[in-house]
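One point on numbering: in this note's numbering, the residue at position 272 of the sequence shown is 311, and numbering is uninterrupted.
Here the structure comes first, spelled out in structure tokens, and everything after it is commentary.
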Amino acid sequence: MEMMKKKNAGKCGFVSLLLLLLFSTPAFAQNSKKDLKLIREEAQRIEQNPDYYWGVGSGSTQDEASRMALVDLQSKIHVTVKSNVTMKMGDEHIGQELKSYNNTDIDIETSTGGVLTNTKSFIIAEAPQWQVLRYVEKKEVEAAFEKRKERVFEYMKDARQSEQTGRIDNALRYYYWAFCLLRSLLYPDEVTFVDQSYTKQRLIHWIPKQMEEIFENLKVEAGTKDGDALNLVATYKDKPVTSLDFVYSVGDQQSPLVSFKDGTTQIDLPSGETADQLLLSYEYEYEGRSSQDRDGLQTMVRRFKDDSLFPKALQQLKVGSKKQQRAAQAVFQAAVEEVSQAQNAVEVQNHAGQEAAVKRVLDAIRSRNFESAKGVFTEQGYQMFTSLINYGNARLLGKADLHFYESTNGRVVCRSIPMSFAFKSNHVTFTEEVTLTFNPEGQIESLAFGLDNDTRQLIFDSPAQWSTSVRMAIATFLENYKTAFALKDLDYIKSIFDDYAIIVTGHVTMRAPQNPELSQKGSTMVKYTQYNKEQYMKRLEEQFQQKKFINLRFTDVGVKLLGRGDDTYALRIKQDYFSSTYADTGYLFLMVDMNDPSAPLIKLRTWQPHRDPTINSNLPKDNPFHGLLYEGNFQ
Numbered sequence: 040m041e042m043m044k045k046k047n048a049g050k051c052g053f054v055s056l057l058l059l060l061l062f063s064t065p066a067f068a069q070n071s072k073k074d075l076k077l078i079r080e081e082a083q084r085i086e087q088n089p090d091y092y093w094g095v096g097s098g099s100t101q102d103e104a105s106r107m108a109l110v111d112l113q114s115k116i117h118v119t120v121k122s123n124v125t126m127k128m129g130d131e132h133i134g135q136e137l138k139s140y141n142n143t144d145i146d147i148e149t150s151t152g153g154v155l156t157n158t159k160s161f162i163i164a165e166a167p168q169w170q171v172l173r174y175v176e177k178k179e180v181e182a183a184f185e186k187r188k189e190r191v192f193e194y195m196k197d198a199r200q201s202e203q204t205g206r207i208d209n210a211l212r213y214y215y216w217a218f219c220l221l222r223s224l225l226y227p228d229e230v231t232f233v234d235q236s237y238t239k240q241r242l243i244h245w246i247p248k249q250m251e252e253i254f255e256n257l258k259v260e261a262g263t264k265d266g267d268a269l270n271l272v273a274t275y276k277d278k279p280v281t282s283l284d285f286v287y288s289v290g291d292q293q294s295p296l297v298s299f300k301d302g303t304t305q306i307d308l309p310s311g312e313t314a315d316q317l318l319l320s321y322e323y324e325y326e327g328r329s330s331q332d333r334d335g336l337q338t339m340v341r342r343f344k345d346d347s348l349f350p351k352a353l354q355q356l357k358v359g360s361k362k363q364q365r366a367a368q369a370v371f372q373a374a375v376e377e378v379s380q381a382q383n384a385v386e387v388q389n390h391a392g393q394e395a396a397v398k399r400v401l402d403a404i405r406s407r408n409f410e411s412a413k414g415v416f417t418e419q420g421y422q423m424f425t426s427l428i429n430y431g432n433a434r435l436l437g438k439a440d441l442h443f444y445e446s447t448n449g450r451v452v453c454r455s456i457p458m459s460f461a462f463k464s465n466h467v468t469f470t471e472e473v474t475l476t477f478n479p480e481g482q483i484e485s486l487a488f489g490l491d492n493d494t495r496q497l498i499f500d501s502p503a504q505w506s507t508s509v510r511m512a513i514a515t516f517l518e519n520y521k522t523a524f525a526l527k528d529l530d531y532i533k534s535i536f537d538d539y540a541i542i543v544t545g546h547v548t549m550r551a552p553q554n555p556e557l558s559q560k561g562s563t564m565v566k567y568t569q570y571n572k573e574q575y576m577k578r579l580e581e582q583f584q585q586k587k588f589i590n591l592r593f594t595d596v597g598v599k600l601l602g603r604g605d606d607t608y609a610l611r612i613k614q615d616y617f618s619s620t621y622a623d624t625g626y627l628f629l630m631v632d633m634n635d636p637s638a639p640l641i642k643l644r645t646w647q648p649h650r651d652p653t654i655n656s657n658l659p660k661d662n663p664f665h666g667l668l669y670e671g672n673f674q
């Protein structure tokens, strides 16, 4: 579909999108137009009709009566849930097989949260004692629960894909979120699926078992110390994890959230602490980030919280003997070396000058004498370097294994320098591999946070007809893109957006009900807005000023060449966004003109928090663009 017919017009049509998931205010009947007796008769017919759930409430005000009617309505659904669901706690032996059951008393607000979005009401008595009937068709409630069940399977699909690529943080998160949504369904113990061995499984038992197996296959080992810092390596089924989040405790002190990337990270030990034993706790709830889900997930995560549910999420890490530490350090170093390599890319043979420059950079970081390396940078490169070392409490991890690759227009890319960045005020530590780009004159003109192993290899394993320079250009572009947000480099972001680009942003917010007495909580709302380049840059500048840090992770990347007769590529990205004030996961789409690989231009940028079945519903569910905005949605 043609993207733009006239660039100078810059007015491409955009189908305005505003997806609201609202806890709606009831529409009250107008008693002044209808005899109260007839209203009561109609209300009685609703109460006697088996096709409806209903509730009656009384109060000194209309709003109070309506709120109490809602509580009564919720309790009717709750009774249905409890009378049809048996969830046991503990273990039961069936022959030689041990069956595990998880039990919770399904809370009224939790089980109906996000479901009662279309209740109707009658005022059946007015002042001084108001009385309100609120009702909803059972088929509407069942349809809403059915949609929630679909979300369970969406999260399960995401979890299984994440597990396959070693993104254990996302696998645990999505399994746990699926489990929370599952437990709020009308009949959770009846939800089944067929696993890879073609065996029917009850999800209420299967999901916790999968999470337990993940914990069992996780292994974190301590390598050598670097001052008061300790190198850690994490593997899953004996392979370095792509990503994993955890906190650790030494004595009574608990750490901020720490992230593994490609198997490596580093942790601080209290001064003088030998750390003979560390207690690790793997993160899996992600309560803060669950607020973005459109179905009231955060309420369910809070209601179903049970620290004893997954005891294997806690691991006692013993710092072993010197021999064991050296063995773990060898695994750590192997992981560092692996992330520096890029298969199907051309290595530069004569790189003595670039290698000497990188050594000066490493020495400057170790000594904290950053100006000592100023001479190896261009002016812009040094500005990026100073931004980088001020991004967080920056420090080197392990021994960098440097590889130098041909890039575009005589440039050389050095991969990579493993580093950690700690933000103590926000209780988070990130691990990144920093790549350096040299200009043809041999100076460092830019720095970037590298892609993880899986994403990078996906790009370098792209179709054989794609040139090496294109593969390198796409990888470098994505690395520069995520780094520009981290370092708040607005000038670079301006340079990569076409002047007439179509830019669509989505933002998850909480909307309070029109009458706050009708519900204690608001509900999620996704607002889509189209910007021109100038408006979007102004918005970004405001965001950069408000946030102490921004960190992007690309957890799933799809790349395809668009059939336009030129080098224009579609990048479909699942993105985890972290900042000091906000976090979300969503789908980013970029249409990028790569005709000049050294100066890529974004023609179209869209973002949405989740797949929406009303978007591109003509596409099959297994199509990567099902439910997503992309170039096909624009004229």
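Yeah, the Cβ is synthetic: ideal placement off N, Cα and C, and Gly gets one too.
Label Gly437 either buried or exposed according to how many other C-beta atoms from any shown protein chain fall within 10 Å of its C-beta, with 16 as the threshold for buried. In the sequence shown, counting from the first residue as 1, residue 437 sits at position 398. Burial check for Gly437: the Cβ neighbour count within 10 Å reaches 16 or more, so the residue is buried.
When you compare the CB positions of Leu643 and Ile541, do they come within less than 8 Å of one another, or not? Here the question's residue 643 lines up with position 604 in the sequence shown. Here the question's residue 541 lines up with position 502 in the sequence shown. Yes, the Cβ-Cβ distance between Leu643 and Ile541 is below 8 Å.
Take Ile612 and list the residues in its own chain whose beta-carbon comes closer than 6 Å to its own, dropping the five residues that flank it on each side. Position 573 of the sequence shown, counted from the first residue, corresponds to residue 612. Listed in chain order, the non-local C-beta contacts of Ile612 below 6 Å within the same chain comprise Phe593, Val596 and Leu627, local neighbours out to five positions each way being set aside.
Sub-8 Å separation of Val509 and Thr645 beta-carbons: Position 470 of the sequence shown, counted from the first residue, corresponds to residue 509. Position 606 of the sequence shown, counted from the first residue, corresponds to residue 645. Taking C-beta atoms as the reference points, Val509 and Thr645 fail to come closer than 8 Å.
For Gln101, three-class secondary structure by DSSP: Position 62 of the sequence shown holds residue 101. Under the three-state reduction of DSSP, Gln101 is assigned to helix.
Closest Cα partner of Tyr460 within the set Glu81, Gln249, Arg434 and Val259: Position 421 of the sequence shown, counted from the first residue, corresponds to residue 460. According to the sequence displayed, residue 460 carries Phe and not Tyr. Comparing Cα positions, the closest option is Arg434.
Who are Gly481's beta bridge partners in DSSP? Translated into the one-based positions of the sequence shown, residue 481 becomes position 442. Beta-bridge pairing links Gly481 to no other residue.
Run through DSSP, which three-state label would Asn519 get? On the sequence shown, position 480 is the one that residue 519 refers to. DSSP, reduced to helix, strand and coil, places Asn519 within a helical segment of the structure shown.
DSSP-derived helix/strand/coil call for Leu610: Working through the sequence shown from its first residue, we reach residue 610 at position 571. Taken through DSSP and simplified to helix, strand or coil, Leu610 comes out as strand.
Only counting the same chain, and skipping five residues up and downstream in sequence, which positions put a Cβ closer than 6 Å to that of Gln101? Taking the first residue of the sequence shown as 1, we reach residue 101 at position 62. Cβ neighbours of Gln101 beyond the five flanking positions: Trp169.
Option in Gln504, Ala261 and Met423 with minimal Cα separation from Asn519: Counting from one through the sequence shown, the residue named residue 519 turns up at place 480. Distances from the alpha-carbon of Asn519 to those of Gln504, Ala261 and Met423 put Met423 closest.
Got a sec? Which residues, its chain only, sit under 6 Å from Asp277 by beta carbon, not counting five neighbours each side? The residue given as residue 277 occupies position 238 in the sequence shown. Taking Asp277 as the centre and dropping the five residues before and after it, the same chain places no C-beta closer than 6 Å to its C-beta.
Does DSSP classify Leu112 as helix, strand or coil? The residue you call residue 112 lines up with position 73 of the sequence shown. Of the three classes helix, strand and coil, the one that applies to Leu112 here is helix, per DSSP.
Mind checking whether Ile243 and Asp228 have CB atoms under 8 Å apart? Here residue 243 refers to the residue found at position 204 when the sequence shown is read from its first residue. Here residue 228 refers to the residue found at position 189 when the sequence shown is read from its first residue. A Cβ-Cβ contact shorter than 8 Å links Ile243 with Asp228.
Beta carbon of Leu221, beta carbon of Val259: below 8 Å? Taking the sequence shown and counting its residues from 1, one reaches residue 221 at position 182. Taking the sequence shown and counting its residues from 1, one reaches residue 259 at position 220. Not closer than 8 Å, so no.
I'd like to confirm the pairing. Which residues does DSSP put opposite Arg173 in its beta bridges? As a working note, residue 173 is residue 134 in the sequence shown. In DSSP, Arg173 forms a bridge with Gly94 and Ser160.
Taking 7 Å as the cut-off, does the CB of Phe524 come closer than this to any heavy atom belonging to the ligand NAD? Of ligands this structure carries none, so the ligand NAD is not represented either.
How about Tyr567 and Gly545: are their beta carbons less than 8 Å apart? Here residue 567 refers to the residue found at position 528 when the sequence shown is read from its first residue. Here residue 545 refers to the residue found at position 506 when the sequence shown is read from its first residue. If you check the CB distance, Tyr567 and Gly545 come in under 8 Å.
Do you know how far the Cα of Phe588 is from the Cα of Gln363? Taking the sequence shown and counting its residues from 1, one reaches residue 363 at position 324. Taking the sequence shown and counting its residues from 1, one reaches residue 588 at position 549. Approximately 36 Å between the Cα atoms of the pair.
Spatial neighbours of Arg328 in its chain, beta-carbon cut-off 6 Å, leaving aside the 5 residues before and after: Residue mapping note: residue 328 aligns to position 289 of the sequence shown, counting from 1. So the qualifying residues of the chain are Ala622.
Around the C-beta of Thr468, are 16 or more other C-beta atoms found within 10 angstroms, so that it is buried, or is it exposed? Looking up residue 468 in the sequence shown gives position 429. Residue environment analysis places Thr468 among the buried positions, since at least 16 neighbouring C-beta atoms fall within 10 angstroms of its C-beta.
Taking DSSP as the reference, what is the three-state secondary structure of Ser455? The residue you call residue 455 lines up with position 416 of the sequence shown. Of the three classes helix, strand and coil, the one that applies to Ser455 here is strand, per DSSP.
What three-state label does DSSP hand Leu475 in the structure shown? As a working note, residue 475 is residue 436 in the sequence shown. Note: Leu475 maps to strand in three-state DSSP.
Three or more C-beta pairs closer than 8 Å, one from the segment 348–368 and one from the segment 409–424: is that the case here? Not touching, per the Cβ criterion.
Please go through the same chain and pick out, in chain order, the residues whose beta-carbon is closer than 6 Å to the beta-carbon of Ala164, but skip the five residues on each side of it. Along the sequence shown, one-based indexing puts residue 164 at 125. So the list reads Gln170, once near-sequence residues are dropped.
Residue ranges of each beta strand (DSSP E) run of no fewer than 3 residues wholly in the segment 290–347, ordered along the chain? As far as the segment 290–347 is concerned, its whole beta strand (DSSP E) runs of at least 3 residues are 296–300, 303–307 and 316–321.
Separation of Tyr213 from Thr607, as counted between CA atoms: Locating residue 607 in the sequence shown gives position 568, where the first residue counts as 1. Locating residue 213 in the sequence shown gives position 174, where the first residue counts as 1. Straight-line Cα distance between these residues: approximately 33 Å.
From Ser347, Gln337, Ala396 and Thr507, pick the residue whose C-alpha is nearest to that of Gln382; which is it? Position 343 of the sequence shown, counting from 1, holds the residue named residue 382. Comparing C-alpha distances from Gln382 to each of Ser347, Gln337, Ala396 and Thr507 shows the shortest one belongs to Thr507.
Is there contact between the segment 192–204 and the segment 107–115, where contact requires at least three CB pairs shorter than 8 Å? They do not touch, by the three-pair rule.
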